[in-house]
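Novice: Per numbering that gives the first Met the number 0, residue 0 is the first one in the sequence shown, and the count goes up by one each step. Quick one: structure below, then a few questions.
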Amino acid sequence: MTIINHHKINDIRVMKKNGLFIILIIILFGCSSEKKSFIQENFSFAEKQTSGMIDLTSGYTHYPRTIAKDGTLKSTNMYDWTSGFFTGNLWYLYENTKDNNWKTEAIKWTESLEPLKNFTDHHDLGFMMYCSYGNAYRLTGNPHYKEVLIQSAKSLCSRFSPITGTIKSWNYRLSHNGTTEWFYPVIIDNMMNLELLFFAYKETGDETFRDIAVEHADNTLKNQFREDYGTYHVVNYDPDTGEVLNKQTMQGYADESTWARGQAWAIYGFTMMYRETKDHRYLDIAIKATDFYLNNPNLPDDLIPYWDFDIFNTNIELDIDYSKYETIALRDASAAAITASALLELCNYSKENHDRYLHAAITTLHNLSENYRVNNGTNQFILNHCVGSMPHHEEIDVPLVYADYYFLEALLRYKSNHD
0 MTIINHHKIN DIRVMKKNGL FIILIIILFG CSSEKKSFIQ ENFSFAEKQT SGMIDLTSGY
60 THYPRTIAKD GTLKSTNMYD WTSGFFTGNL WYLYENTKDN NWKTEAIKWT ESLEPLKNFT
120 DHHDLGFMMY CSYGNAYRLT GNPHYKEVLI QSAKSLCSRF SPITGTIKSW NYRLSHNGTT
180 EWFYPVIIDN MMNLELLFFA YKETGDETFR DIAVEHADNT LKNQFREDYG TYHVVNYDPD
240 TGEVLNKQTM QGYADESTWA RGQAWAIYGF TMMYRETKDH RYLDIAIKAT DFYLNNPNLP
300 DDLIPYWDFD IFNTNIELDI DYSKYETIAL RDASAAAITA SALLELCNYS KENHDRYLHA
360 AITTLHNLSE NYRVNNGTNQ FILNHCVGSM PHHEEIDVPL VYADYYFLEA LLRYKSNHD
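See below:
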């Protein structure tokens, strides 16, 4: 007989919302048939949408990212940080279905990205290559893919400075409002690229890859968290001394606010760091970052965050007119999908938080599926209601390819999780 733990019920804030009783039943009683049906229905929808997306593309040179203001597909070239996600989606569909048609398509998209193995202009090679070639190697074992990944890791390492102890995210630039010079900016997103370095370390035995990943993570832990364990988006270092010059934001609400997707990157990145090192400092910070997220009074009841946790903070001023946006447009489904995927791993490392994190992840997935999926025929992505950069007035209330990627990853992790 299953005993209902009422403390767990109270921990899942979404249960206050009417109409979600069925989710509570699934979570508490672990109905395997309901779980299987839920996962399969979402993958069937994803297959349909992705088939339509392939029909809109040609030549394996334009990589789906979002939709334009007129509703048409907006793609990028391979050098955009999002270029590897659509390829990763194809691999996840193949992993779930074992349908060789998806594998064939995934191989073509993956191999189109090979020139990026020598790319050194920004830090996003982990996103670009590990989401594509990393999944390709994991699912096929093709030795050439391994070599591409190792060279990609070497290219990423070229951006590391022993003075700052970090991997430089962007080249010199001005802050989003043009008031501050960023000489050596490091963004919280960069935590996501370290998994590529651990792969290279394990495959080659070269400790340089591991050492760079650990030093970068240590300095991120030191410099990009506040006392409440919210995160700074951007830390700007002096490249000559390693001194921290500024702690600011590029896509968040304000310098002292916590950008939701940045917090998600931190949760995911430090969970990965614990997996790879078993260093409990990383587990501790992942838990604290998660608790900031889940316990935040500004987290909506459905656990899909606003694009920044502080957008209603009257003590912070920013010239963004929210009155022209519907409330749903201020949510970021991509941050929710990333967090759900991370929690499905993190729950297995923290015994005392296992049930709470697992339930939060499952609840998030159900709410994304029920209320944040693209309406049939609207466009060919999977999730809607994401925010790219509100301060730049770009990609507001749109689908984003990386939201789809982490949603599919979370579904696969849920599928393999023995809850």
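Ideal placement from N, C-alpha and C gives every residue a C-beta, glycine not left out. Predicted model only: the values in this text are computed from it and were never measured.
Could you check whether the Cβ of P304 sits closer than 8 Å to any Cβ belonging to chain B?
Specialist: Any reference to chain B falls outside this structure, which holds one protein chain only.
Novice: Run through the region 128-208 for me and flag every whole alpha helix (DSSP H) of 4 or more residues, listed as ranges in chain order.
Specialist: Listed in chain order, the complete alpha helix (DSSP H) runs (minimum 4 residues) inside the region 128-208 are 134-139, 142-156, 193-203.
Novice: Does the region 230-244 touch the region 302-315, meaning 3 or more C-beta pairs lie closer than 8 Å?
Specialist: Short answer: they don't touch.
Novice: Note the first and the last residue of the continuous alpha helix (DSSP H) segment covering K287.
Specialist: Note, K287: alpha helix (DSSP H), 279-293.
Novice: Helix, strand or coil: how does DSSP classify I419 here?
Specialist: Within the shown structure, residues of the chain are numbered from 0 to 418, placing residue 419 beyond reach of any answer.
Novice: Quick one: using the 10 Å Cβ neighbour count with 16 as the cut-off for buried, is G376 buried or exposed?
Specialist: Exposed, since its Cβ has fewer than 16 Cβ neighbours within 10 Å.
Novice: If we count the other Cβ atoms within 10 Å of its Cβ and call it buried at 16 or more, is L55 buried or exposed?
Specialist: Flag for L55 reads exposed.
Novice: Only counting the same chain, and skipping five residues up and downstream in sequence, which positions put a Cβ closer than 6 Å to that of A341?
Specialist: These residues qualify, in order along the chain: I266, Y267, T270.
Novice: Could you tell me whether the region 398-413 touches the region 322-329, where touching means 3 or more Cβ pairs closer than 8 Å?
Specialist: Flag = no, the region 398-413 and the region 322-329 do not touch.
Novice: Does the separation of the CB atoms of F126 and G58 fall below 8 Å?
Specialist: No, the Cβ-Cβ distance between F126 and G58 is not below 8 Å.
Novice: P238 and T119: beta carbons closer than 8 Å?
Specialist: Taking 8 Å as the Cβ cut-off, P238 and T119 do not qualify as a contacting pair.
Novice: Please report the straight-line C-alpha distance between P142 and Y132, rounded to a whole angstrom.
Specialist: One C-alpha to the other measures close to 11 Å.
Novice: Leaving out five residues on either side along the sequence, give the residues of the same chain with a beta carbon under 8 Å from the beta carbon of M128.
Specialist: G83, L112, L115, K116, V147, L148, S151, L195.
Novice: Measure the CB-CB distance between E344 and T65 and report whether it falls below 8 Å.
Specialist: No; because the gap between Cβ atoms is not below 8 Å, this pair is not in contact.
Novice: By the three-class DSSP mapping on this structure, what secondary structure does V373 have?
Specialist: If DSSP states are grouped into helix, strand and coil, V373 belongs with coil.
Novice: Out of curiosity, what's the CA-to-CA distance linking N76 and Y183?
Specialist: For N76 and Y183, the distance between alpha carbons rounds to 25 Å.
Novice: What does a CB cutoff of less than 7 Å around I286 pick up in its chain, not counting 5 residues either side in sequence?
Specialist: Same-chain partners within the cutoff: S349, N352.
Novice: Taking the alpha-carbon of P161 as reference, which of Q379, Y236, D354 has the nearest alpha-carbon?
Specialist: Nearest option by C-alpha distance: Y236.
Novice: Under 6 Å Cβ to Cβ from L220, same chain only, skipping five residues before and after it: list those, please.
Specialist: Within the same chain, L220 has close Cβ partners I284.
Novice: Closest to F85 by C-alpha separation, out of H121, I337, L411, L407, would be which residue?
Specialist: Per the Cα distances, L407.
Novice: How many Å lie between A360 and A263 at the Cα?
Specialist: One C-alpha to the other measures close to 12 Å.
Novice: Mind checking which residues open and close the beta strand (DSSP E) that includes D396?
Specialist: D396 -> beta strand (DSSP E) spans 393-397.
Novice: Reducing DSSP to helix, strand and coil, say where L258 ends up.
Specialist: Reading the sequence as shown, one finds Trp at residue 258 and not Leu. Residue state, collapsed to three classes: strand.
Novice: Distance, Cα to Cα, K414 vs I38?
Specialist: Going by the C-alpha atoms only, they are around 7 Å apart.
Novice: Secondary structure at Q247, three-state DSSP: helix, strand or coil?
Specialist: Correct three-state label for Q247: strand.
Novice: So what does DSSP say about D307, is it helix, strand or coil?
Specialist: Looking at D307 - three-state DSSP - the assignment turns out to be strand.
Novice: Taking DSSP as the reference, what is the three-state secondary structure of N235?
Specialist: Reduced to three states, the DSSP call for N235 is strand.
Novice: Who does L302 pair with in a DSSP beta bridge?
Specialist: BP columns for L302 are empty, so no partner.
Novice: Between F44 and I315, how many whole angstroms is the CB-CB distance? I'm expecting something under 8 Å.
Specialist: Incorrect: roughly 38 Å between the Cβ atoms, too far for contact.
Novice: Determine, using beta carbons only, whether W80 and L89 come nearer to each other than 8 Å.
Specialist: It is not a contact, given that the beta carbons lie outside the stated cut-off.
Novice: Tell me where the beta strand (DSSP E) around G125 begins and ends.
Specialist: Counting along the chain, G125 falls outside any beta strand (DSSP E), and DSSP gives it neither H nor E.
Novice: Under 6 Å Cβ to Cβ from I21, same chain only, skipping five residues before and after it: list those, please.
Specialist: Per-residue confidence for I21 stands at a pLDDT of 46, beneath the threshold of 50, marking its modelled position as unreliable; the derived number appears in the next sentence. Within the same chain, I21 has no close Cβ partners at all.
Novice: For the putative contact between H122 and R158, defined by C-beta atoms under 8 Å, what is the C-beta separation to the nearest angstrom?
Specialist: At roughly 6 Å, the Cβ-Cβ gap stays under 8 Å, so H122 and R158 are in contact.
Novice: Quick one: give me the first and last residue of the beta strand (DSSP E) that K73 is part of.
Specialist: 72-75 is the span of the beta strand (DSSP E), which, as asked, contains K73.
Novice: Could you pull out every residue in the same chain whose Cβ sits closer than 8 Å to the Cβ of D205, ignoring the five residues on either side in sequence?
Specialist: The residues are A199.
Novice: For T49, does the count of other Cβ atoms within 10 angstroms reach 16, so buried, or fall short, so exposed?
Specialist: Per the 10 Å Cβ criterion, buried.
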